[in-house]
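Engineer: Numbering of the sequence shown is given in this note's numbering, commencing with residue 2 and proceeding in unit increments.
No residue lacks a Cβ here, since even glycine has one placed at the ideal position from N, Cα and C.
Below you will find the structure I want to go over with you.
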Amino acid sequence: MSDPSRAALLCLLAAAGCAGPTAAAVNVTVDTAADVRPFSELIFGVNYGDAARNAQIGYPLRRWGGNSTTRYNWQVDVHSTAADWYFENIPGASDRSQVPPLGNAADAFVSQVRSYGGQALLTIPTIGWTPRADSPQSHPYFAGFSVTKYGAQQSTDPWDPDAGNGVYPNGVEITGNDPHDTSSEVTPAFWMPWIAHLQASFGSAANGGVRFYALDNEVMLWNSTHRDVHPAPTTYDETWAKALAYGSAIKQQDPDAQVLGPVTWGYCDLFGSAADDCMEGSDRTAHGGLAFVAWYLQQVCANPLPGGARVVDYLDLHYYPQGSNVSMSDDDSSATAARRLRALKELYDPTWVSESWLADLGDTDDNHYDKPNLIPRARAWIDQYCPGTRLALTEYRWGNDDTASGAVAQAELFGIFAREGVDLATRWVAPAANTRVERAFQLFLDYDGAGARVQGSSVRALSGNVDQVGAYAFSGAGRTFVLLTNKTGVAQDVNLGFASAPGTQWTLYGFDANQPVHLIGSGTLGGATLGLTALPAMSASLLVVSGNEAIFTDGFD
Numbered sequence: 002m003s004d005p006s007r008a009a010l011l012c013l014l015a016a017a018g019c020a021g022p023t024a025a026a027v028n029v030t031v032d033t034a035a036d037v038r039p040f041s042e043l044i045f046g047v048n049y050g051d052a053a054r055n056a057q058i059g060y061p062l063r064r065w066g067g068n069s070t071t072r073y074n075w076q077v078d079v080h081s082t083a084a085d086w087y088f089e090n091i092p093g094a095s096d097r098s099q100v101p102p103l104g105n106a107a108d109a110f111v112s113q114v115r116s117y118g119g120q121a122l123l124t125i126p127t128i129g130w131t132p133r134a135d136s137p138q139s140h141p142y143f144a145g146f147s148v149t150k151y152g153a154q155q156s157t158d159p160w161d162p163d164a165g166n167g168v169y170p171n172g173v174e175i176t177g178n179d180p181h182d183t184s185s186e187v188t189p190a191f192w193m194p195w196i197a198h199l200q201a202s203f204g205s206a207a208n209g210g211v212r213f214y215a216l217d218n219e220v221m222l223w224n225s226t227h228r229d230v231h232p233a234p235t236t237y238d239e240t241w242a243k244a245l246a247y248g249s250a251i252k253q254q255d256p257d258a259q260v261l262g263p264v265t266w267g268y269c270d271l272f273g274s275a276a277d278d279c280m281e282g283s284d285r286t287a288h289g290g291l292a293f294v295a296w297y298l299q300q301v302c303a304n305p306l307p308g309g310a311r312v313v314d315y316l317d318l319h320y321y322p323q324g325s326n327v328s329m330s331d332d333d334s335s336a337t338a339a340r341r342l343r344a345l346k347e348l349y350d351p352t353w354v355s356e357s358w359l360a361d362l363g364d365t366d367d368n369h370y371d372k373p374n375l376i377p378r379a380r381a382w383i384d385q386y387c388p389g390t391r392l393a394l395t396e397y398r399w400g401n402d403d404t405a406s407g408a409v410a411q412a413e414l415f416g417i418f419a420r421e422g423v424d425l426a427t428r429w430v431a432p433a434a435n436t437r438v439e440r441a442f443q444l445f446l447d448y449d450g451a452g453a454r455v456q457g458s459s460v461r462a463l464s465g466n467v468d469q470v471g472a473y474a475f476s477g478a479g480r481t482f483v484l485l486t487n488k489t490g491v492a493q494d495v496n497l498g499f500a501s502a503p504g505t506q507w508t509l510y511g512f513d514a515n516q517p518v519h520l521i522g523s524g525t526l527g528g529a530t531l532g533l534t535a536l537p538a539m540s541a542s543l544l545v546v547s548g549n550e551a552i553f554t555d556g557f558d
């Protein structure tokens, strides 16, 4: 970097209050011709979120998923809260004069996403039960464990005292309840008219309608979350039988639809079924000793549909880091922040031992349980058992919305997804408006406030110290992008070297704990090196290099 440019950036940083103690410079190298991997904007997706704010941010993908979607009756717009809230059937729209009801929640969800050009991912229940069509539209709602019918329980709904939590006062779970108290049996045929309705309302998958359908949600937890209708642990065979039946029905109704499965809940069901109660057991032994996800992929490719199409197009996983206060927590202490950011290595580093109970699983066989290595592990299974399957991560979370380290982690997650080959991802849930984590999405989807976004291909970027500075690079739209995350509590200098000159002009955007995404500085690049001084503590910065930045202000070439 030339001295005038360096001085200009130093001045800008000092004016922003970023001057202060700095750590020793970290060297970062970028090679836009190496490790080139195109990535999809679908990695910037979310679950749910406020409709108006989602439109403002422009999330490319929104998922309708989670526990309540396992039992959703599209004909009457009623869902079951399951174990999350007293196993109750909760109504949506009140007008049931049409099927589905006018203004139903699913139609509204799809309409909201389409209004700003996004795509919807809907969950198709496969559990075989749906809320009864005669479910009340006001209190008292149908409940899975009626106090009147099953006796006193540990707790009840404050607004519906007959709705219990299904646990006796002595802590023993109630068994033998009647699923028909709340639900009716259904088959895959029940869902085909719903997809037909969605096609009629919004178009087919090939014509702008709903393109993505997930096969239920966290099926290996049905015996806990939905134990009022499915108390038995889910097995390998049941999961695949339902995938084949329901996936075939979806493809029959809309051949261009993309189906996601099996929608795991976390780490254990990568390797075994609920019947095995985590990793290993008789169910896995009966299926050749194969890890559950590997066996599932094997079935997908061994059982093509007529014409050769696959019943599942995306391997759909959920992953929440298990370290103390890492995932669902407001804790942003220095110790937790460091642990949260180190936990990113669980996604890609084959040598990293999880700093959580996963380490207790040990390293006793070829699965290396204590070393998650999630994305390369999943991609290796895909390559071995069903090549061409895409990879989705439809629930994940690295800290609550307003944690500074969670925001830095979120920015780095996008770099990891792009580099490691995740094809689709949706955070649980969309960050609240104007929170720090939302800034990470803005840095990628609208870094200049005028619609410019990161796009194209992930390319090689190497940091000399990944625990201090994360480095990720992308090439597209006539530009080179470099994401730099400062994971430390002090300002950080970075010496950036390119394998070849990437352009003539640079602009630096970023956010930190105190400032939203903003322009930090700009200058002229006179070669293949650049020195960036005093990147703020716990921050994410995006360097954009081009020949002429003004040509690409809309985010597209």
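Where does methionine 221 land, buried or exposed, given buried means 16+ other C-beta within 10 angstroms?
Structural biologist: buried
Engineer: State the DSSP-derived secondary structure class of serine 6, mapped to helix, strand or coil.
Structural biologist: Interpretation of serine 6 is limited by its pLDDT of 36, a score under 50 that renders its predicted location unreliable; no figure is taken from the coordinates.
Engineer: Please classify tryptophan 130: does DSSP put it in a helix, a strand, or coil?
Structural biologist: Of the three classes helix, strand and coil, the one that applies to tryptophan 130 here is strand, per DSSP.
Engineer: Short of 8 Å in beta carbon distance, which residues of its chain neighbour proline 170, apart from the five on each side in sequence? Order them along the chain.
Structural biologist: Ala153, Gln154 and Gln155
Engineer: If we ignore side chains and look at the alpha-carbon of each, how far apart do glycine 282 and alanine 233 end up?
Structural biologist: 16 Å
Engineer: Take tyrosine 386 as the anchor and find which of Arg428, Leu414 and Leu316 has the nearest alpha-carbon.
Structural biologist: Leu316
Engineer: So, helix, strand or coil for phenylalanine 475, using DSSP?
Structural biologist: Note: phenylalanine 475 maps to strand in three-state DSSP.
Engineer: My parser needs the alpha helix (DSSP H) runs of 4 or more residues fully inside the stretch 97-125; what are they?
Structural biologist: The stretch 97-125 contains these whole alpha helix (DSSP H) runs: 106-116.
Engineer: Below 8 Å CB to CB, which residues in the same chain sit around aspartate 36 once its five sequence neighbours on both sides are set aside?
Structural biologist: The answer, listed in chain order, is Arg420, Ser459, Val460 and Arg461.
Engineer: Pick helix, strand or coil for asparagine 48, following the three-state DSSP scheme.
Structural biologist: strand
Engineer: Apart from the five residues on each side of it in sequence, which residues of its chain come closer than 6 Å, Cβ to Cβ, to valine 114?
Structural biologist: Scanning its chain for C-beta atoms nearer than 6 Å, with the 5 sequence neighbours on each side dropped, one finds around valine 114 the residues Arg63 and Ala121, in chain order.
Engineer: Since alanine 431 contacts tyrosine 60 with CB under 8 Å, what's their CB separation in whole angstroms?
Structural biologist: 7 Å
Engineer: What is the rounded straight-line gap between the Cα of valine 260 and the Cα of aspartate 32?
Structural biologist: 35 Å
Engineer: Compare the beta carbon distance of asparagine 28 and asparagine 487 with 7 Å and say whether it is the shorter of the two.
Structural biologist: No, they are not a contact pair.
Engineer: Are the Cβ atoms of valine 455 and proline 503 separated by less than 7 Å?
Structural biologist: no
Engineer: Taking buried to mean at least 16 other C-beta atoms within 10 Å of its own C-beta, is valine 313 buried or exposed?
Structural biologist: buried
Engineer: What residues are listed by DSSP as bridge partners for phenylalanine 482?
Structural biologist: Phe475 and Val545
Engineer: What are the start and end residues of the beta strand (DSSP E) that includes histidine 198?
Structural biologist: From DSSP, histidine 198 is part of no beta strand (DSSP E) but of the alpha helix (DSSP H) over 193-203.
Engineer: Check serine 232 in the structure and name its three-state DSSP category.
Structural biologist: It should be noted that the sequence gives proline, not serine, for residue 232. If DSSP states are grouped into helix, strand and coil, proline 232 belongs with coil.
Engineer: Our contact map puts alanine 24 next to glutamine 493 with C-beta atoms below 8 Å; I'd like the distance itself, whole angstroms only.
Structural biologist: 5 Å
Engineer: Between the stretch 376-385 and the stretch 288-296, do at least 3 Cβ pairs fall closer than 8 Å?
Structural biologist: yes
Engineer: On a Cα-Cα basis, can you pick out the residue from Asp182, Thr188 and Tyr151 that is closest to threonine 176?
Structural biologist: Tyr151
Engineer: Kindly provide the ranges of any beta strand (DSSP E) runs that are 3 or more residues long and lie completely inside the stretch 284-339, ordered along the chain.
Structural biologist: 315-320
Engineer: Could you tell me the distance, in whole angstroms, from the CA atom of glutamine 253 to the CA atom of leucine 271?
Structural biologist: 28 Å
Engineer: The alpha helix (DSSP H) that contains asparagine 224, what's its start and end?
Structural biologist: 223-226
Engineer: Measuring straight from C-alpha to C-alpha, what distance separates tryptophan 560 and valine 518?
Structural biologist: Any question about residue 560 goes unanswered here, given that the chain covers just 2 to 558.
Engineer: Excluding the 5 residues flanking leucine 533 on each side, which residues of the same chain have their C-beta closer than 6 Å to its C-beta?
Structural biologist: Val495
Engineer: State the Cα-Cα distance for the pair phenylalanine 475 and proline 194, rounded to the nearest angstrom.
Structural biologist: 43 Å
Engineer: Let me know if tryptophan 358 comes out buried or exposed under the rule of 16 or more other beta-carbons within 10 Å of its beta-carbon.
Structural biologist: exposed
Engineer: Reducing DSSP to helix, strand and coil, say where histidine 369 ends up.
Structural biologist: coil
Engineer: DSSP on phenylalanine 445, reduced to helix/strand/coil?
Structural biologist: helix
Engineer: Could you tell me which residues DSSP puts in a beta bridge with isoleucine 589?
Structural biologist: Nothing can be reported for residue 589, as the shown portion of the chain is limited to 2 through 558.
Engineer: Quick check on this structure: which residue in Gly308, Phe191, Gln469 and Gly145 has the alpha carbon closest to the alpha carbon of proline 229?
Structural biologist: According to the sequence provided, residue 229 is aspartate. The question's proline does not apply to it. From the listed residues Gly308, Phe191, Gln469 and Gly145, the smallest Cα separation to aspartate 229 is found for Gly145.
Engineer: Counting pairs of Cβ atoms below 8 Å between the stretch 71-79 and the stretch 127-142, do you hit three or more?
Structural biologist: yes
Engineer: Is the stretch 366-375 touching the stretch 342-355, taking contact as three or more C-beta pairs under 8 Å?
Structural biologist: yes
Engineer: Can you check the stretch 403-450 for any beta strand (DSSP E) of at least 3 residues that lies completely inside it and give the ranges in chain order?
Structural biologist: 425-428
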